[in-house]
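What follows is one structure encoded as structure tokens, with my remarks underneath.
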Amino acid sequence: MKYILLFFSLLTSPSLFSNSFEFPSTIENAEGVTLELFDDPVPGNEETIHYIEGDKNLWERIQNGFAIKDIDNRRVKNYIKWYQSRPEYVERMVERSSRYLFHVVEEVEKRNMPMEIALLPMIESAYNPVAKSRQKAVGVWQFIPSTGKLFGLEQDWWRDKRRNIIDSTNAALDYLEQLHNLFGSWELALAAYNAGEGRVKRAILRNKKRKKPTDYYSLRLPKETKNYVPKLLAVKKIIQDPERFQLYIKDIPDKPYFQVVNVPDEMDTHIAAELADIPYEEFQLLNAEHNRPLMKAHFGAQDILLPVDSVDTFLKNLEDHKDPLTNWITYTPIKGEKVNHVAKKFNIDIKELIKINQLRSNQTLKNKIILIPASPDVLKKYPINTDNLYSYSTIITHKIKPGDTLGGIARKYKISIKDLMEFNELKSTKIIVGKYIDIPQ
């Protein structure tokens, strides 16, 4: 998705995929990240964790809608092996997807599209709504800015609709439908979603001139795009039979997780979470489009998403709430005003002002909106954390070699030891030669 521009992709294509293709020891995933592969069975997964069957299980509904032809080639097998070696990663991905998957399934079903499409965010972003790639693709569907705008996904100082699960899903399905109508094949539509329509068109024309087949598996496409459909089919196979691959896929109820709720035109994200009586992180995951702690509608009221079982609590608490719904004021600096002037004017620490508004130190604030705490207590009660929640859409896999240390690996990939340990769920800095460690990017 990172390179798509509807009807304007002008990129080139590398090597041809054929039956004689020899799979390398490393592959590149759908986000363009090098993944090392294993020749031996994955160690440490000897105990089979059984899939929990529910009376109304969303996974059953998803499997009943699968329609893309299965393949069983080496690319698919190697991606299965990659996921097998990361059971915690799979569990986190499925856990995140549980908030959004019912909605996506409903929309895919309405359009009579293959249900594999509902799994596409798993290979695009691991169903992370705040995922951002190095190509500036954002959200579970990984729209780049230009394609997002082309499909009506608003992006401004206040919000980024590429992170809105409802709007971005509609946009992604619209785009995929257009590509399917153009190419007549879901495999080719997926390839174009990943690499761009122009690149796939040129690959088809090249094969036609040479009187070669023009299906997805016969085209000369970039490595990332050749791996794209196999990676999706690997996820599909895991969903169909997680027990076979010694992975745990949690049961997801076949019912809505969230509900759309209308709220006033200005409201704090923290206050909304408190009124709903849900953790702030949960509110952020459902309302990831908001860039600021203050939600501000352009015209009239606005909508938020809340867990279905929290809506009544929210509405009752909102009705009873007599205090202001916002702890922030907006300020438009006068011409030539700098960060330190504004900090002094409102008696706020300059570091906090920079952090809240993501400014550069003492820059001139031309045509800027500045968010100011309404009182000194605001930042004490609601500390601002500008770090995204699990905001990694790409992962590099590093094989530990003799002489490697965790600190050395952290320095090489420009990540803190703490974050590296947390991401890999390590209890100590000791590492074992020959094992693999994942580095979020």
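Under this note's numbering, the first residue of the sequence shown carries the number -5, and numbering increases by one thereafter.
Even for Gly, the Cβ is constructed at its ideal location relative to N, Cα and C.
In this text the structure is predicted, and so the values were computed from the model without any measurement.
Asked: Contact check, Ile272 vs Pro250 under 8 Å by CB: the rounded distance?; Found: Their Cβ separation, rounded to whole angstroms, is 16 Å, which puts Ile272 and Pro250 out of contact at 8 Å.
Asked: Do you know whose CA, among Leu319, Arg55, Tyr211, Asn311, lies nearest Met261's CA?; Found: Leu319
Asked: What number of angstroms, rounded off, separates the C-alpha of Leu280 from the C-alpha of Val132?; Found: 15 Å
Asked: Rounded to the nearest angstrom, what separates Leu113 and Ser91 at their Cα positions?; Found: 9 Å
Asked: Report yes or no: do the stretch 194 to 205 and the stretch 233 to 240 share at least 3 C-beta pairs separated by less than 8 Å?; Found: no
Asked: Using the Cα positions of Lys375 and Tyr121, report the straight-line distance between them to the nearest angstrom.; Found: 30 Å
Asked: One question on the structure: do Leu173 and Ala166 come within less than 7 Å of each other, judged by their Cβ atoms?; Found: no
Asked: Specify, as a first and last residue, the run of the alpha helix (DSSP H) that Asp161 falls within.; Found: 159 to 177
Asked: I need the DSSP call for Leu420, collapsed to helix, strand or coil.; Found: coil
Asked: With distances taken between CB atoms, is the gap from Ile469 to Lys429 smaller than 7 Å?; Found: The structure shown does not extend to residue 469, since the chain spans only -5 to 435, so no value can be given for it.
Asked: If you draw a straight line from the alpha carbon of Ala189 to that of Asp235, how long is it in whole angstroms?; Found: 30 Å
Asked: Do you know how far the Cα of Gln78 is from the Cα of Ala228?; Found: 11 Å
Asked: Are Lys332 and Thr358 close, meaning C-beta to C-beta below 7 Å?; Found: yes
Asked: Count the other CB atoms within 10 Å of the CB of Lys424; is the residue buried (16 or more) or exposed (fewer)?; Found: exposed
Asked: Can you tell me where the beta strand (DSSP E) holding Val257 begins and where it ends?; Found: 252 to 257
Asked: Is Ile74 buried or exposed, if buried means 16 or more other CB atoms sit within 10 Å of its CB?; Found: buried
Asked: Near Pro367, what residues of its chain come up, given a Cβ to Cβ distance below 7 Å and the 5 sequence neighbours on each side ignored?; Found: Asn321, Trp322, Ile342, Leu373
Asked: Would you check if the distance between the CB atom of Val88 and the CB atom of Lys244 is smaller than 7 Å?; Found: yes
Asked: Tell me, which residues are paired with Gln296 by DSSP?; Found: Val257
Asked: What residue does the alpha helix (DSSP H) around Ile265 start on, and which one ends it?; Found: 263 to 270
Asked: Could you work out which residue in Asp398, Asn158, Arg286 is closest to Val254 when comparing CA atoms only?; Found: Asn158
Asked: I'd like to know if the stretch 148 to 163 and the stretch 281 to 291 are in contact, where contact means that at least 3 CB-CB pairs between them fall below 8 Å.; Found: yes
Asked: For Met87, report the span of its alpha helix (DSSP H) as first-last.; Found: 81 to 91
Asked: Return the chain-ordered list of same chain residues with a C-beta closer than 7 Å to the C-beta of Glu462, the five sequence neighbours on each side being excluded.; Found: What the structure shows of the chain is the stretch from -5 to 435, and residue 462 is not part of that stretch, so it cannot be assessed.
Asked: Between which two residues does the beta strand (DSSP E) harbouring Ile364 extend?; Found: 364 to 367
Asked: What is the residue span of the alpha helix (DSSP H) that Ile403 lies within?; Found: 400 to 406
Asked: Let me know if Ser369 comes out buried or exposed under the rule of 16 or more other beta-carbons within 10 Å of its beta-carbon.; Found: exposed
Asked: Helix, strand or coil for Asp154? Go by DSSP, reduced to three states.; Found: strand
Asked: Measuring only the C-alpha atoms, how far is Trp151 from Ser212?; Found: 44 Å
Asked: Which partner residues of Met289 appear in the DSSP bridge assignment?; Found: Met261
Asked: For Gly266, which option in Gly294, Asn311, Tyr222 has the closest C-alpha, if you only look at C-alpha atoms?; Found: Sequence inspection shows Ala at residue 266; the Gly mentioned does not correspond to that position. When each option's Cα is compared against that of Ala266, the closest is Asn311.
Asked: Run the CB neighbour count on Ile298, radius 10 Å, all protein chains shown included, and call it buried at 16 or more, exposed below.; Found: buried
Asked: Rounded to whole angstroms, what is the Cα-Cα separation between Pro287 and Gln149?; Found: 16 Å
Asked: Could you name the residues of the same chain whose beta carbon sits closer than 8 Å to that of Glu171, not counting the 5 residues immediately before and after it, in chain order?; Found: Arg105, Met107
Asked: What residues are listed by DSSP as bridge partners for Asp432?; Found: Thr391
Asked: For Asn51, which beta-bridge partners are listed by DSSP?; Found: Pro247
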